[in-house]
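Below you'll find the structure, written out as structure tokens, and then a few comments.
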Amino acid sequence: MLWQADFYRRPLQTDAGEVLWELIVCDPTGAFSACIDCPQSQATVGWLAAQFRRLQAEGTPERIQVFRPQSLGLMEAAARAVGFTVEPTRHAPMLKHLLLRRAAYYPNLPGYTGETYDPLAIDAPPPVPVPEAIWGDRWRFAALAAGDLEILYGDRPIPICSTPDRLLPINLGLASTQPVPGVIIDGGRQAMRLARWLQEVRPALLSYVPGTPDGLILEAGLSDRWILSTFHDADVAAAARLFQQRQRDANGLHFLLVQPDDTGVTYSGFWLLG
């Protein structure tokens, strides 16, 4: 059993003017969900642990998925108190759906403050460059047919490999001929150091950001952002726009591959992202 959970302040207050928090818990299918109010003065590890114990009547989860960095510390401490495990992840679609649906009701509830409120907003720091000491020799945009992509990570021994089931091309309904975009980094002697570092920061997605200069950003963990590269070159910018379009056409699926060189013989790390 898996839970997805959020515990954070809402644009609501008690009759006494105290800010209200809400604990929202669900399973990935939405078959089970719960919403519990909590005055901010009671928003503690102890209160949260007590709610987890009470909700165990619905079953004991193997882990609790949390997407909001601001509530992660409380969630982890409360989960430890009751023997649960917390999994930080950006991918919690049912929970985010419930948060959006719940937020639509706030203006009709007593104690609504009227403040501008985004139920999915998180505090994301500005992007910072990947440490130079581990950066590779060169990088490039690429694309592989979905069928060839599965052969690549399925048939080769790759020391660090992340291919979540939800991102497998077959589970996204992609045809085997669908181009899946990606970024390939030739890491040279730093290839394994770079792959291990990426494993630690937990890549989530790559995004092209047009500007002066243009940039390629790695979103990682719950809210970290890393600058993989900046560029002015018109040809690279055109390749970046094609990468972006192919992401959309492939239901967001893309990949990141780290290898020592471009021989295609040895790979150091591979991630399906989306």
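If you read the sequence shown in our numbering, its first letter stands for residue 440, the second for the next number, and so on. The beta-carbon is built from N, C-alpha and C at its ideal position, and this holds for glycine as well.
Query, Result
"Contacting residues, own chain, Cβ-Cβ under 8 Å from F709 (five flanking each side not counted)", "L591, Y592, I597, I599, C600, S601, T602, F694, L695, L696 and V697"
"Collapsed DSSP secondary structure at G650 in the structure displayed", "coil"
"For R680, the three-state DSSP class (helix, strand or coil)", "helix"
"Whole-number beta carbon distance between L538 and P558, since they are thought to touch under 8 Å", "4 Å"
"Residues of its chain near G691, where Cβ-Cβ distance is below 7 Å and the 5 sequence neighbours each way are ignored", "G713"
"Boundaries of the alpha helix (DSSP H) in which W486 is found, first to last residue", "V484 to L494"
"C-alpha gap between L607 and G456, whole angstroms", "48 Å"
"C-alpha gap between I503 and R635, whole angstroms", "25 Å"
"Residue from F506, P699, N610 and L667 with nearest C-alpha to L534", "F506"
"Same chain, Cβ closer than 7 Å to A630, neighbours up to 5 away in sequence not counted", "G575, V697, Q698, P699 and S707"
"C-alpha distance - H530 paired with Y556, whole-angstrom precision", "21 Å"
"Check whether P642 and L661 have beta carbons under 8 Å apart", "no"
"Where H536 sits in the DSSP three-state scheme", "helix"
"Same chain, Cβ closer than 7 Å to F682, five either side skipped, listed in chain order", "F580, P620 and Y647"
"Three-state secondary structure assigned by DSSP to E515", "helix"
"The region 465-478 touching the region 441-452, judged by at least three CB pairs closer than 8 Å", "yes"
"Candidates S668, R448 and A673, of which the one nearest G654 by Cα", "S668"
"Per-residue burial, C474 [other beta carbons within 10 Å of its own, 16 or more giving buried]", "exposed"
"Given V704 as reference, the closest of D625, P532 and F491 once Cα atoms are compared", "D625"
"Counterpart residues of G708 in DSSP-defined beta bridges", "I599 and V697"
"Pick from A520, T552, A560 and S472 that is closest to Q509, judged by C-alpha positions", "A560"
"CB contact flag (W665, A659, <8 Å)", "yes"
"Complete alpha helix (DSSP H) runs within the region 567-619 (minimum length 4 residues, chain order)", "585-594"
"Between the CA atoms of E571 and Q495 - distance to the nearest angstrom", "47 Å"
"Buried versus exposed, by CB contacts within 10 Å (16 or more), V567", "exposed"
"Length of the line joining the Cα atoms of L645 and R492", "38 Å"
"Sheet register partners of Q452 (DSSP bridge)", "V458"
"Span separating the alpha-carbon of E554 from that of R449", "10 Å"
"Beta-carbon gap between G550 and L459 smaller than 8 Å", "yes"
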